[in-house]
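Contents: one structure, followed by commentary.
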RNA sequence: GCGCCCUUCGUCUAUCGGUUAGGACUCAAGAUUUUCAAUCUUGCAAGAGGGGUUCGACUCCCCUAGGGCGCGCCA
């Protein structure tokens with residue numbers, strides 16, 4: 003019986019930098035398609051560049067993947083560990099006459115390229131060792147192994163995103179498979195690994211589209227099955243400038259530190275280049291159900307923080323209060339210096355969360371907006387609160403304090419008493435509520451003030467209010 | 001220089017030859033309101049340019065312009 007082959011996807015970052023936003027989206031698309039199709043999602047670290055690959059970068063990439071919630075199947079594969087296998091494939095190609103030894107030195111090649119540049123010719127290896135007799139080879143000289151690529155005809159990449167992309171073979175030169183030190187190049191390694199890993203769909207950045215044609219030639223030389231390709235347009239910065247891989251400033255963990263939720267990131271990244279009609283808010287479950295390769299856009303997108311903020315605010319509002327409080331606690335503990343919340347403070351934070359989370363676009367804003375709950379005692383006033391607490395406002399505070407004190411300390415009862423007080427004094431509610439807010443929170447905006455009073459408790463609130471209450475000296 | 005790709009409101013996008021070109025973000029105005037938000041309502045705002053094909057093009061083809069990517073013994 004024929005078994006329907008489940009798709010095998012992979013994300014293959016090179017650990018020469020951190021997981022940037024473009025890579026995160028590539029990983030997300032691969033992950034979504036794998037989960038959507040019931041296939042497999044593998045992670046391969048392309049660490050064949052021994053000079054630039056670092057353990058820190060590997061750790062950062064894995065951490066970034068975990069934070070984004072992109073779990074991969076099976077063990078993480080390290081490409082460098084497979085070098086021997088790559089070499090064998092090159093040897094096989096050599097033995098079959100599909101590859102050859104090239105003794106050109108690097109200086110020689112640079113000279114060749116300089117000349118081509120000067121003459122306005124395309125920059126390509128000229129095949130100088132392609133058909134030379136091996137006997138002409140200098141003894142004991144170092145050599146690289148190059149693929150004997152087709153020189154005529156064309157190579158066409160069938161791409162689910164870009165369509166049919168045709169390359170004239172004369173524009174594709176004989177790429178290096180094995181370096182002079184015997185190590186495999188990326189071009190060889192990817193092809194061999196993807197084949198060995200059984201990868202059926204290669205979804206990666208647009209910058210690899212040209213490589214696809216070259217890799218196809220290796221695949222053809224080996225007689226291996228051709229995977230489905232999908233090349234995603236790159237993400238640009240808000241200003242339209244490129245947002246390329248080596249920009250560590252936009253590593254995913256930076257977004258975490260800025261207070262973005264993984265689910266918001268996933269939703270945002272998903273809509274950058276992929277659409278499902280007019281849907282904007284798409285849960286991960288929904289995304290898995292809907293995701294396909296057909297609806298991926300072909301044009302590059304700019305990164306827009308405003309929209310990310312909007313989505314993040316939405317997901318913050320939708321998140322459980324307790325979970326959010328835990329996130330804030332974690333964020334505070336990562337601060338310099340670390341801030342540790344008492345049990346009381348944490349209980350207050352959870353209680354105030356419904357009011358707090360409606361007003362925050364990021365976890366950072368959430369943490370800052372709740373700071374009046376973390377410690378006891380009179381508040382330091384921010385500039386606006388300072389301005390609001392005029393002598394008149396402080397006098398009102400002095401008069402309202404006993405009113406607050408005399409009675410039940412529930413939000414509803416407090417509001418009732420303050421309304422009555424304001425009415426009697428001929429004041430608008432805001433004229434009384436705002437000074438209270440300023441004294442209690444140190445700010446001019448906060449969640450509903452009577453709720454906050456109830457959460458903080460009578461003793462604490464009155465102490466804060468009285469710290470700013472001033473009774474004008476009586477003229478009499 | 002050569003090759004490849006891209007081009008709808010400021011931004012992300014829908015449209016798969018026939019629509020008053022829709023939605024979302026942003027911005028503005030209004031409603032609501034103890035502040036700020038949230039929410040609701042309304043508004044501003046687009047097919048790069050030029051040729052074709054067609055009864056009819058945002059949609060198909062060509063050219064131009066602009067942008068991106070690639071052209072390593074990097075990945």
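Numbering (this note's numbering), first residue to last: 3 to 478. Glycine included, C-beta positions come from ideal geometry on N, C-alpha and C.
- A residue is called buried when at least 16 other Cβ atoms come within 10 angstroms of its Cβ; residue 15 meets this threshold and is buried.
- Taking 8 Å as the cut-off, the Cβ atoms of residue 159 and residue 215 count as close.
- Where residue 443 is concerned, there is no enclosing beta strand (DSSP E), although the alpha helix (DSSP H) around it starts and stops at 431-443.
- Sequence-distant partners of residue 125 (beyond 5 residues in either direction) whose C-beta falls short of 6 Å from its own C-beta, in its chain, are 115, 118.
- DSSP places residue 387 in the helix class (H, G or I) of the three-state scheme.
- The beta carbon of residue 46 sits closer than 8 Å to those of 12, 13, 14, 78, 79, 80, 81, 195, 199, all from its chain and outside the five residues before and after it, given in chain order.
- Note that the C-beta distance between residue 258 and residue 28 is not below 8 Å.
- For the 8 Å CB-CB criterion, residue 262 and residue 314 form a contact.
- Residue 7 is classed as exposed because its beta carbon has fewer than 16 other beta carbons within 10 Å across all chains shown.
- Around the Cβ of residue 325, a 10 Å sphere holds fewer than 16 other Cβ atoms; the residue is exposed.
- When secondary structure is reduced to three states using DSSP, residue 88 falls in the helix class.
- A direct Cα-to-Cα measurement between residue 464 and residue 430 gives close to 21 Å.
- Apart from the 5 residues on each side of it in sequence, residue 439 sits with its Cβ closer than 6 Å to the Cβ of 448, 451 in its chain, given in chain order.
- In chain order, 26, 29, 30, 254, 264, 267, 268 place their CB closer than 8 Å to the CB of residue 70, counting only its own chain and leaving out the 5 sequence neighbours on each side.
- Setting aside the 5 residues that flank it on each side, residue 468 is surrounded in the same chain by 403, each with a C-beta closer than 7 Å to its C-beta; the list follows chain order.
- Of the candidates 365, 304, 385, 321, the residue whose Cα lies closest to the Cα of residue 333 is 365.
- Secondary structure at residue 416: helix, using DSSP grouped into helix, strand and coil.
- Sequence-distant partners of residue 32 (beyond 5 residues in either direction) whose C-beta falls short of 7 Å from its own C-beta, in its chain, are 11, 12, 13, 43, 205.
- Here the alpha carbon of residue 290 sits roughly 24 Å from the alpha carbon of residue 304.
- Within the stretch 248-331, complete alpha helix (DSSP H) segments of at least 4 residues are found at 254-259, 264-273, 286-292, 307-320, given in chain order.
- Around the beta carbon of residue 359, 16 or more other beta carbons sit within 10 angstroms, so the residue counts as buried.
- In this structure residue 49 is buried. Its beta-carbon is surrounded by 16 or more other beta-carbon atoms within 10 angstroms.
- Per the coordinates, the alpha-carbon of residue 19 lies some 58 Å from the alpha-carbon of residue 398.
- Shown here for residue 168: same chain residues with a beta carbon closer than 6 Å to its own, the five before and five after excluded, namely 156, 158 in chain order.
- Of the residues 306, 287, 256, the one whose Cα lies closest to the Cα of residue 275 is 306.
- DSSP places residue 193 within a helical segment (H, G or I) once states are collapsed to three.
- Between residue 193 and residue 221, the gap from beta carbon to beta carbon is short of 8 Å.
- A straight line joining the alpha-carbon of residue 88 with that of residue 134 spans about 25 Å.
- Counted as a single uninterrupted DSSP element, the beta strand (DSSP E) harbouring residue 103 occupies residues 101-104.
- Beta-bridge analysis with DSSP links residue 26 to no other residue.
- The alpha-carbon of residue 308 is positioned some 18 Å away from that of residue 281.
- At the C-beta level, residue 233 and residue 163 come within 8 Å of one another.
- Residue nearest to residue 436 within the set 392, 472, 39 is 392 (criterion: CA-CA distance).
- In the three-state scheme derived from DSSP, where H, G and I count as helix and E and B as strand, residue 149 is classed as strand.
- The three-state reading of DSSP puts residue 470 in helix, counting H, G and I together.
- Excluding sequence positions up to five before and after residue 471, its CB lies within less than 7 Å of the CB of 396, 399, 400, 403, all in the same chain and listed in chain order.
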